[in-house]
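J.: Residue numbers (this note's numbering), protein chains in the order written: chain A, 3 to 364; chain B, 3 to 364. Every residue, glycine too, gets a C-beta built ideally from N, C-alpha and C. Since we're looking at a predicted model, the values are computed, not measured.
There are 2 protein chains.
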Amino acid sequence: MDEKQKNGVDGKVRFGFLSTAQIGRKNWRAVFHSGNAIVTAVASRDVDRGRKFIANCQQQAPFETAPAALGSYDELLASKTVDALYIPLPTALRKEWVIRAAEAGKHVVCEKPCALNAADLEEMMAACRRNRVQFMDGVMYMHHPRMGAMRSALNDEAGFGQIRRIMAMFSFRGGGDFFKANIRVHGDMEPAGCLGDLGWYCIRFMLWAMNWQLPREVSGRMISGTEPRGGVAPVPLDFSGELFFDGGVSGGFYNSFLVGMQQWANVSGTKGALRVNDFVQPVNDLEAAFEVNGAVTKVKSGVGGQPDGEAVSQQMYLFRHFSDLVLSGKIDAFWPEIALKTQRVLDACLESAGAGRLVALG
Amino acid sequence: MDEKQKNGVDGKVRFGFLSTAQIGRKNWRAVFHSGNAIVTAVASRDVDRGRKFIANCQQQAPFETAPAALGSYDELLASKTVDALYIPLPTALRKEWVIRAAEAGKHVVCEKPCALNAADLEEMMAACRRNRVQFMDGVMYMHHPRMGAMRSALNDEAGFGQIRRIMAMFSFRGGGDFFKANIRVHGDMEPAGCLGDLGWYCIRFMLWAMNWQLPREVSGRMISGTEPRGGVAPVPLDFSGELFFDGGVSGGFYNSFLVGMQQWANVSGTKGALRVNDFVQPVNDLEAAFEVNGAVTKVKSGVGGQPDGEAVSQQMYLFRHFSDLVLSGKIDAFWPEIALKTQRVLDACLESAGAGRLVALG
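1. For R277 of chain B, is the classification buried or exposed, using 16 other Cβ atoms within 10 angstroms of its Cβ as the cut-off for buried?
2. If contacts are defined as beta-carbon pairs under 8 Å, then S221 of chain A and S354 of chain A qualify, I think. What distance do you get, rounded to the angstrom?
3. Can you tell me where the alpha helix (DSSP H) with W30 of chain A in it begins and where it stops?
4. Cα separation between S21 of chain B and V100 of chain B?
5. Let me see if you follow: with CB-CB separation under 9 Å, is K273 of chain B close to chain A or not?
6. Is any heavy atom in the ligand GDP found nearer than 8 Å to the beta carbon of E289 of chain B?
7. Would the region 74-87 of chain B and the region 42-54 of chain B be scored as touching if the rule is three or more Cβ pairs under 8 Å?
8. List, in chain order, every chain B residue whose beta-carbon is nearer than 7 Å to that of Q264 of chain A.
9. Using a 10 Å radius around the Cβ and a threshold of 16 neighbouring Cβ atoms, would you call D85 of chain B buried or exposed?
10. Does DSSP put C116 of chain B in a helix, a strand or coil?
11. Return the first residue and the last residue of the beta strand (DSSP E) that N257 of chain A is part of.
12. Kindly indicate which three-state DSSP category F162 of chain A falls into: helix, strand or coil?
13. E373 of chain B touches chain A at which residues, Cβ-Cβ below 7 Å?
14. Does the beta carbon of M169 of chain B come closer than 9 Å to any beta carbon on chain A?
15. Could you spell out the range, first to last residue, of the beta strand (DSSP E) harbouring R16 of chain B?
16. Would you say L360 of chain A reaches chain B, if we count a Cβ-Cβ gap shorter than 9 Å as a contact?
17. Are the beta-carbon atoms of V11 of chain B and F321 of chain B separated by less than 9 Å?
18. Pick from B:I40, B:H188 and B:G243: whose alpha carbon is nearest that of G232 of chain B?
19. Chain B partners of L200 of chain A, CB-CB under 7 Å?
20. Would you kindly check if the distance between the Cβ of S270 of chain A and the Cβ of M171 of chain B is under 9 Å?
21. In angstroms, rounded to a whole number, what distance separates the CA positions of D4 of chain A and K108 of chain A?
22. Select from B:A194, B:M144, B:D179 and B:E66 the residue whose C-alpha is nearest the C-alpha of P92 of chain B.
23. Please list the terminal residues of the continuous beta strand (DSSP E) segment that includes Q70 of chain B.
24. What three-state label does DSSP hand Q264 of chain B in the structure shown?
25. Would you kindly check if the distance between the Cβ of L260 of chain B and the Cβ of G250 of chain A is under 9 Å?
26. Specify whether the region 234-253 of chain B and the region 196-211 of chain B touch according to this definition: at least 3 beta carbon pairs, one from each stretch, less than 8 Å apart.
27. Confirm, please, whether the CB-CB distance from L329 of chain A to G37 of chain A is below 9 Å.
28. Are the beta-carbon atoms of G26 of chain B and F34 of chain B separated by less than 9 Å?
29. Relative to the C-alpha of W210 of chain B, which candidate in B:A357, B:R148, B:D179 and B:E219 has its C-alpha closest?
30. Give me the Cα-Cα distance between G161 of chain A and G177 of chain B, rounded to the nearest whole angstrom.
31. Return the residue from the list B:R131, B:G331, B:F55 and B:E159 that minimises the CA-CA distance to R30 of chain B.
32. Mark Q345 of chain B as exposed unless 16 or more other C-beta atoms lie within 10 angstroms of its C-beta, in which case mark it buried.
33. Taking 6 Å as the limit between beta carbons, can you name the residues of its chain near L72 of chain B, skipping five residues before and five after?
34. Specify the secondary structure class of E5 of chain A as computed by DSSP and reduced to three states.
35. For G178 of chain A and chain B, any beta-carbon pair shorter than 9 Å?
36. Could you work out which residues of chain B lie near L260 of chain A, taking near to mean beta carbons separated by less than 7 Å?
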């Protein structure tokens with residue numbers, strides 16, 4: 003595959019979806035609205051499931067040429083009409099498929115948590131570097147224009163001052179057969195449980211607020227977990243962690259599969275405070291809000307309405323930003339770097355929870 | 003002093019203020035509006051300062067008979083026209099004066115933190131029990147009718163479910179010469195610093211939410227502290243703590259003298275969430291608000307406007323409730339008990355911060 007082909011055709015990056023995971027429907031629509039990307043293939047071990055997924059998504063957001071349904075992941079890796087992969091596989095499977103994608107010359111959008119641990123993630127990223135493909139994790143909120151507006155607010159010396167404390171909570175209550183059937187509490191596939199699924203966003207938010215400074219030490223506590231079964235360690239069902247940065251700045255977070263939906267963050271400065279009630283997925287992502295010292299700012303996403311259902315502005319921006327990078331032919335080291343930092347802090351929180359003591363980040 | 007005299011005259015409890023601390027001005031007005039209490043004496047080591055304090059307070063909230071200015075605390079203890087003392091002395095001095103007040107047959111409203119440690123507080127309470135005087139700490143918000151409305155919300159199985167997590171933050175930024183001159187950062191008088199001054203409210207709120215169940219374990223961390231001086235240990239300037247209750251319920255709090263004013267609490271249930279933005283001192287205490295699942299409830303305090311300045315509804319209720327107890331001639335063990343529990347948790351948080359490990363509550 004020549005470089006030109008690998009980096010899109012006719013100003014569009016051609017995406018292949020690796021698996022028909024539910025979250026892919028939303029991201030299909032995001033790609034559809036991106037303006038610089040299309041979906042050209044969907045791979046599933048069950049080709050019929052792939053066909054149904056495509057038919058269903060095409061009803062909502064129809065690409066001119068319907069994507070191909072491929073019967074294996076290998077076929078997708080070999081496809082000549084695919085530049086980039088969207089990989090929402092379970093965490094335990096990501097290492098293999100990200101490395102294989104990179105080796106096949108495909109750029110990668112990878113869901114979070116990116117890996118089982120930072121050592122695995124470093125291998126994945128080394129493969130991406132070697133093969134000159136872009137890596138980005140699936141933290142959508144990073145791409146909403148609200149982030150820029152919040153950054154300006156945090157930079158406002160007069161109104162906010164210096165950051166001293168960050169607090170974040172992200173939770174939802176698993177219903178029905180969640181605790182029996184959902185992948186997110188399966189120790190073999192998702193050993194970090196709610197910390198991986200929800201804590202990744204909280205840790206990322208704190209690192210963002212701190213301009214990517216790593217904490218010096220972290221503590222973590224698994225408050226409750228699944229019953230151990232078949233030699234598999236318990237998976238966190240609710241988890242609290244704390245990050246200690248140089249200079250007396252600290253962050254505390256809490257995640258849970260056991261309490262109702264909450265997704266707020268609070269950043270405290272020497273003079274003011276920033277609060278955002280929906281930092282992960284804005285309730286209205288076409289006009290996302292945050293508060294500084296009680297005054298509300300609303301940030302328009304710049305995308306028109308989403309007549310085909312739930313708004314996907316920030317997802318759309320993720321695919322647009324990613325595709326801009328791919329089309330540019332340059333690799334941006336920032337995105338793998340922040341994914342790795344997030345993973346390292348997450349690993350340290352888990353290690354602390356297991357050891358019952360503070361863990362230093364080297 | 004006979005029991006009748008000790009328990010008020012003409013349906014009013016007669017208060018003596020032990021010191022002219024600034025906070026006394028607010029509580030003077032609270033007593034004034036209580037309907038069942040009056041101030042009859044103010045003691046200061048400097049009798050002129052006492053006279054000025056009285057003259058100033060009388061301008062705002064004039065008692066029919068101006069209180070007497072007494073030139074020593076001993077004189078106040080001996081006064082035959084005083085049933086109860088309000089003691090806002092620095093923490094290190096409270097033990098001596100609460101015990102002496104009890105031995106003089108005076109009921110006691112004591113500012114927080116009540117003591118240097120739980121052992122001291124137990125001695126203070128033993129003295130109160132022996133002398134059959136009522137003890138209550140100065141946590142005003144406990145007396146606002148909002149608390150009852152919030153309790154009903156937490157008890158709502160359908161809307162809130164079971165408590166799993168409590169988070170609270172109380173902070174203000176010390177300005178001017180606060181870090182040099184303010185008593186709250188003097189290690190000899192206020193060794194618990196922001197944990198004593200602000201954390202007391204957060205811990206109390208969590209114990210309240212948990213219906214006075216003690217946590218099984220706590221952790222604490224002094225994030226920054228004063229410089230040690232003259233052999234006096236550093237005083238916490240910002241502090242975070244976490245409480246772990248039986249059954250997987252947990253609480254996290256953060257206090258600081260280094261960030262702008264914040265005073266919020268968040269209680270997460272298996273189904274819903276309660277949020278209060280101003281749990282310590284309602285921004286509008288005549289109509290104090292809280293939110294459950296995003297819907298705002300406002301609780302009228304039932305007191306008329308406060309034409310003489312800042313509203314003091316919850317302070318007024320504190321003195322009214324306390325005076326009701328005194329007038330009843332019965333001692334209510336609840337109030338000393340919750341003060342002691344708060345102190346025990348606070349002590350354990352400090353111990354954990356010093357030792358760098360979890361501390362179990364016996």
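T.: Straight from the coordinates:
1. The residue is buried, with at least 16 neighbouring Cβ atoms inside 10 Å.
2. 5 Å
3. Per DSSP, W30 of chain A belongs to the alpha helix (DSSP H) from I25 to S36.
4. 13 Å
5. Residue contact check for K273 of chain B against chain A: a CB pair falls below 9 Å.
6. Here there are no bound small molecules, and the ligand GDP is not part of this structure.
7. yes
8. S270 and A275
9. buried
10. coil
11. S252 to S258
12. coil
13. Outside the displayed range of chain B (3 to 364) lies residue 373 of chain B, so it cannot be described from this structure.
14. yes
15. V15 to L20
16. yes
17. no
18. B:H188
19. Residues of chain B passing the Cβ test: none, with the nearest at roughly 13 Å.
20. yes
21. Note that D4 of chain A scores a pLDDT of 47, beneath 50, so its modelled location is shaky and nothing firm can be said.
22. B:A194
23. It is Ala, not Gln, that sits at residue 70 of chain B in the sequence shown. If you look at A70 of chain B, you'll find it in the beta strand (DSSP E) that goes A70 to L72.
24. strand
25. yes
26. yes
27. No.
28. no
29. B:R148
30. Whole-angstrom Cα-Cα distance: 15 Å.
31. What sits at residue 30 of chain B in the sequence shown is Trp, not Arg. For the residues B:R131, B:G331, B:F55 and B:E159, the minimum Cα distance to W30 of chain B belongs to B:F55.
32. buried
33. A43, A45 and L78
34. Low confidence applies to E5 of chain A: its pLDDT is 48, below 50, so where it sits in the model is not reliable enough to give any reading.
35. no
36. Result: R166 and T272.
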